[in-house]
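So for the sequence shown, the working numbering puts the first residue at 20; every next one is plus one.
A virtual CB, placed ideally from N, CA and C, is assigned to each residue, including glycine.
Predicted model, so just to flag it, every value in this text is computed and none were measured.
I have placed the structure first, in the form of structure tokens, so that the comments after it can refer back to it.
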Amino acid sequence: VRAEQAITLAHEERHASLTLAEELRHSSDALTRLARAYTVTGNPTFKDLYQTILDIREGNQPRPGQFADIAWDLASAGQAMPPATGPGVPLLELVRQSGVTEAEYRLLEAAKVASDALTAQEFQAMALMETDGPDPEADHKAARDLLFNARYLQAKAEILGLIQAFVTRLDQRTAERVRAAVDQAALLRAVHIACALSLILMLGLTWAALRQVLGASP
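Structure, rendered in structure tokens:
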């Protein structure tokens, strides 16, 4: 029973940690989509949603339900987001509370830092959309280029690589915890079998000894 409980706990903690990693990945992708949408349309709604994501990740606003799955798709389409749940908590603080190891935490922390660094380029692109220069079309094209150039794409790839490294390490640790629980259960099972066989042997020897002493069946 303890082994089954340990395995269940390992999978529950893995699920909680993976959910946060997915939230980081989805939010990073949503920031990219919203920044690109703003540089194409100039619609201020996309910029407002962009800032909302940053505020939620920093714990300045509570996260809506189903954050990683549908919230920003709904909002981008002009629909109401799922209602907020609980107080605002920084994403990295939730990661820390999920029970990950220090090495695993550092990977997601690095991914978050890299994602935050990329926002500087995204803000620069959105700022170009708002300039009153002599050639607005050139500024708008420059804004879009900032979000599609090789430097930007490489930064995105690095973020996803760090998140994948976190997932790989988390899966390895979960597998190790499961194997340890299974091995412990096998050991305890062997001990119980040995104890049962010893008890049977002891009873048999006791019966034989009593029979010899009494001269008849006990």
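When secondary structure is reduced to three states using DSSP, Pro-101 falls in the coil class, being assigned neither helix nor strand.
When Cβ pairs closer than 8 Å are counted between the two stretches, the segment 143-156 is seen not to touch the segment 70-78, the count staying below three.
In the three-state reduction of the DSSP assignment, Pro-106 falls in the coil class, being assigned neither a helical nor a strand state. Ala-94 is positioned such that its CB atom lies closer than 8 Å to that of Leu-68. Taking C-beta separations shorter than 7 Å and ignoring five residues to either side along the sequence, the partners of Ala-90 in its chain run Pro-83, Met-100, Pro-101, following chain order. The beta carbons of Ala-40 and Leu-179 sit about 11 Å from each other, so the pair does not count as a contact at 8 Å. Pro-83 carries a strand assignment under DSSP once its states are collapsed to helix, strand and coil. Within the same chain, Gln-80, Pro-81, Arg-82, Pro-83, Gly-84 come within 8 Å of Ala-103 by CB-CB distance, once the 5 residues on both sides are set aside. Between the segment 23-36 and the segment 195-202, the count of Cβ pairs shorter than 8 Å is three or higher; the stretches touch. Here the alpha carbons of Ile-212 and Gly-223 stand approximately 16 Å from one another.
Within the same chain, Leu-43, Ser-46, Ser-47, Leu-50, Ile-178 come within 8 Å of Ser-134 by CB-CB distance, once the 5 residues on both sides are set aside. Of the candidates Leu-113, Thr-187, Asp-202, Gly-234, the residue whose Cα lies closest to the Cα of Ala-35 is Leu-113. In this structure, Leu-181 and Ala-139 do not form a Cβ contact; the two beta carbons are roughly 18 Å apart against a cut-off of 8 Å. For the options Leu-229, Arg-115, Ile-219, Leu-137, the alpha carbon positioned closest to that of Leu-166 is the one of Leu-137.
Counting the other CB atoms within 10 Å of its CB gives Ile-219 a total below 16, which places it among the exposed residues.
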